[in-house]
Every structure is written in C-alpha cells, then in structure tokens.
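A.B. asks:
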Amino acid sequence: MDLVLSLVGLDPESVIDYQDDPISQWFLENNEAQALVNNTKPPSEIDASDYAAVLYPGGHGPMFDLAINIEIAAITSQIYLNGGVVGSLCHGPAGLVPVLVNGEPIVKGCKITSFSNAEEDALDLSSHMPFMLESKLKEQGGDFSAADLWEKHVVVDKRLVTGQNPNSAAGVAEAMVDLLS
Numbered sequence: 594m595d596l597v598l599s600l601v602g603l604d605p606e607s608v609i610d611y612q613d614d615p616i617s618q619w620f621l622e623n624n625e626a627q628a629l630v631n632n633t634k635p636p637s638e639i640d641a642s643d644y645a646a647v648l649y650p651g652g653h654g655p656m657f658d659l660a661i662n663i664e665i666a667a668i669t670s671q672i673y674l675n676g677g678v679v680g681s682l683c684h685g686p687a688g689l690v691p692v693l694v695n696g697e698p699i700v701k702g703c704k705i706t707s708f709s710n711a712e713e714d715a716l717d718l719s720s721h722m723p724f725m726l727e728s729k730l731k732e733q734g735g736d737f738s739a740a741d742l743w744e745k746h747v748v749v750d751k752r753l754v755t756g757q758n759p760n761s762a763a764g765v766a767e768a769m770v771d772l773l774s
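Okay, so the sequence shown: first residue is 594 according to my numbering, each after it adds one.
What follows is the structure, given as structure tokens:
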C-alpha cells in the first residue's frame with residue numbers, strides 16, 4: 594500500500610475535526626500508518642501495474658486537487674483497465690471526474706454515489722465548491738443515488754465502489770476488500 598499525494602502537502606489542521614474519533618486516534622498512533630503518511634509518493638513514482646486497487650479519500654480537498662489531476666486519473670484508469678478496483682468516499686469521487694476508461698468517463702453508465710448536493714447545502718458550503726459533485730457525476734452519465742443526509746450509503750457497480758459520506762467509510766472498505774478477495 595502506498596499513499597500518493599497530488600498537488601499539495603498534508604494539511605496539519607486535518608486532524609482537528611476528528612481528534613476524538615477512536616479510529617482516527619488509532620491511525621494517528623499506529624506506526625505503520627504514520628510511516629505511510631510520512632513517506633507519500635508523487636504520481637510519477639507509481640506504476641499502475643503494481644496495484645490492484647485505488648481509493649480516493651473524502652474531505653473537501655479532492656474537489657480542488659484530485660478533480661483536475663490528470664496524472665492520477667491516468668493511473669486510476671490503468672488500474673481499472675488492468676482489472677483493479679476503484680473506490681472513493683464522500684468528496685473522493687471528485688477524483689473520478691478526470692478518469693477516462695476507453696475515452697469515456699469512468700462513471701458513465703455506472704451506479705454511483707458521493708457527498709450529495711443536499712449535504713453540501715446543509716453545511717452551507719455549496720458556494721465555496723468549484724462545482725457540485727453530485728451534479729457533475731450525473732453530467733458525466735453516472736446513475737447517481739443518495740441516502741438521507743449523513744446516512745451510510747455504499748454503491749458497488751462491477752469494480753467501482755463509492756460511498757456517500759464519512760459514515761460510509763467502513764462500508765466502502767469492506768466492499769473493496771470483498772471485491773479484492
């Protein structure tokens with residue numbers, strides 16, 4: 594497993610919102626996890642043939658960097674074409690926006706989910722986003738579904754796994770592991 598960094602470095606403020614979460618605490622205290630964080634790789638060091646899966650994380654960051662990163666999109670496309678699994682969570686599907694498979698958006702014709710427009714509106718953050726993720730995925734031909742605000746919702750379509758919000762994280766991980774087994 595490797596962590597790949599796109600345009601910007603790690604945000605030291607990113608742990609504040611989740612500092613009391615037991616899973617986040619475990620991650621921050623786990624030496625193996627921290628070794629991954631402290632040794633991220635640039636996309637130029639990634640050979641897609643070495644990977645069986647890719648996971649796009651949540652948080653608002655992917656809306657601003659992964660959504661326009663052609664290099665990571667090309668890696669993802671190759672992993673998928675090689676028979677790999679592609680997963681994304683919350684705002685992570687923004688990273689799928691530039692991913693093309695055989696010249697078409699990876700989400701075209703697939704059942705998918707992401708952080709919904711309603712959730713973005715509920716946080717009063719829609720005006721701060723470069724685009725509305727749900728709307729963009731629909732524009733690209735994704736068959737979008739969403740649960741009620743903040744409810745767990747995981748969608749699996751072939752080898753594409755998407756989760757609506759942070760409450761869907763465990764479900765995305767479980768679905769990806771199942772597909773890889």
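No residue lacks a Cβ here, since even glycine has one placed at the ideal position from N, Cα and C.
(1) With a Cβ-Cβ cutoff of 8 Å, do C683 and L753 count as a contact?
(2) Give me, in chain order, the residues of the same chain whose beta-carbon lies closer than 7 Å to that of F737; leave out the 5 immediate sequence neighbours on both sides.
(3) Taking Y644 as the reference, which of D610, L674, Y611 has the closest Cα?
(4) Is P615 closer than 8 Å to F657 when the C-beta atoms are compared?
(5) How would you write the range of the alpha helix (DSSP H) that L772 sits in, first residue to last?
(6) Starting from V679 and walking both ways along the beta strand (DSSP E), at which residues does that stretch end?
(7) For G764, collect the residues of the same chain with a Cβ closer than 7 Å to its Cβ; drop the 5 residues on either side in sequence, then sort them by chain order.
(8) May I ask you to report which of helix, strand or coil DSSP gives Y673?
(9) Taking DSSP as the reference, what is the three-state secondary structure of Y644?
(10) What residue does the beta strand (DSSP E) around L753 start on, and which one ends it?
(11) What is the DSSP secondary structure of P650, reduced to helix, strand or coil?
(12) Cα separation between P605 and L621?
(13) Looking at the secondary structure, which residues open and close the beta strand (DSSP E) in which D750 lies?
(14) Bridge partners for L693 per DSSP, in chain order?
(15) In the DSSP assignment, find the alpha helix (DSSP H) that holds K731 and state where it starts and stops.
C.D. replies: The answer reads as follows:
(1) Residue mapping note: residue 683 aligns to position 90 of the sequence shown, counting from 1. Residue mapping note: residue 753 aligns to position 160 of the sequence shown, counting from 1. 8 Å or more divides the Cβ of C683 from the Cβ of L753.
(2) Along the sequence shown, read from residue 1 onward, the residue named residue 737 stands at position 144. The answer, listed in chain order, is I705, T706, E727, L730, K731.
(3) Within the sequence shown, numbered from 1, the residue matching residue 644 stands at position 51. Minimum Cα distance to Y644 is reached at L674.
(4) Residue numbering aside, residue 657 sits at position 64 when the sequence shown is read from its first letter. Residue numbering aside, residue 615 sits at position 22 when the sequence shown is read from its first letter. The Cβ-Cβ distance between F657 and P615 does not fall below 8 Å.
(5) For the purposes of this step, residue 772 is identified with residue 179 of the sequence shown, where counting begins at 1. From DSSP, the alpha helix (DSSP H) with L772 extends over 762 to 773.
(6) Numbered from 1 along the sequence shown, position 86 holds the residue referred to as residue 679. 678 to 682 is the span of the beta strand (DSSP E), which, as asked, contains V679.
(7) Stepping through the sequence shown from its first residue, residue 764 is reached at position 171. Counting only Cβ-Cβ distances below 7 Å, and skipping sequence neighbours, we find K745, V747, G756.
(8) Here residue 673 corresponds to residue number 80 of the sequence shown, with the count starting at 1. Of the three classes helix, strand and coil, the one that applies to Y673 here is helix, per DSSP.
(9) For the purposes of this step, residue 644 is taken as the residue at position 51 of the sequence shown. If DSSP states are grouped into helix, strand and coil, Y644 belongs with coil.
(10) As a first step, residue 753 is located in the sequence shown; it is residue number 160 there, counting from the start. L753 -> beta strand (DSSP E) spans 753 to 756.
(11) As a first step, residue 650 is located in the sequence shown; it is residue number 57 there, counting from the start. Here P650 sits in coil by DSSP.
(12) Counting from one through the sequence shown, the residue named residue 605 turns up at place 12. Counting from one through the sequence shown, the residue named residue 621 turns up at place 28. Between P605 and L621, the C-alpha separation is close to 12 Å.
(13) By one-based count along the sequence shown, residue 750 stands at place 157. Unbroken beta strand (DSSP E) run through D750: 747 to 750.
(14) Position 100 of the sequence shown holds residue 693. DSSP lists P698 as partners of L693.
(15) As a position in the sequence shown, residue 731 is number 138, starting the count at 1. DSSP places K731 inside the alpha helix (DSSP H), whose first and last residues are 726 to 732.
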